[in-house]
Amino acid sequence: MIPIFITLIRSVAQILSVLIIIDAVLSFFLSPFHPVRETLGKVLNPLYAPIRRVLPPMGGIDFSPLILIILIQVIERLLISLISSLG
């Protein structure tokens with residue numbers, strides 16, 4: 863049962879990370895009002911918002927996607943470590 867939870871955690875972390883990277887890349891090419899960007903925004907903006915409150919974009923550069931990916935990786939490793947120690 864534990865390997866299923868670990869696989870689920872890894873999958874969610876990877877999917878979120880890929881969506882963040884896609885959003886960051888598309889931000890260079892597509893308008894924020896493009897349907898794909900709007901959909902990604904609906905998913906990712908609630909995750910970006912707390913980071914942007916602490917560290918707003920500076921000089922047109924938004925570090926929230928990078929920080930969010932790092933946080934996702936840290937949380938993933940902590941959860942996997944915790945679950946592994948239980949089993």
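Counting the sequence shown from 1 gives a position; this note's numbering is that position plus 862. Built from N, CA and C at the ideal position, the CB exists for glycine as well.
Identity of the residue in the options nearest residue i by Cα
i, options, result
"GLY922", "GLN935, PHE890, ILE942, PHE895", "PHE890"
"ILE882", "ILE871, ASP924, ILE942", "ASP924"
Local Cβ density within 10 Å of residue i, reported as buried at 16 or more and exposed below that
i, result
"PRO865", "exposed"
"PRO908", "exposed"
"SER926", "buried"
"LEU948", "exposed"
"LEU906", "buried"
"LEU902", "buried"
Short Cβ contact (9 Å threshold) for residue i with residue j
i, j, result
"ILE937", "ALA875", "yes"
Integer-rounded CB distance, given that residue j should sit under 8 Å from residue i
i, j, result
"ILE934", "ILE868", "Not confirmed; about 15 Å, so no contact."
Distance, residue j Cα to residue i Cα
i, j, result
"LEU870", "VAL916", "30 Å"
"ARG872", "SER893", "31 Å"
"LEU910", "LEU930", "The sequence as given places Tyr at residue 910; Leu does not occur at that position. When rounded, the distance between both Cα atoms is 7 Å."
"LYS904", "LEU944", "30 Å"
"SER879", "ARG939", "14 Å"
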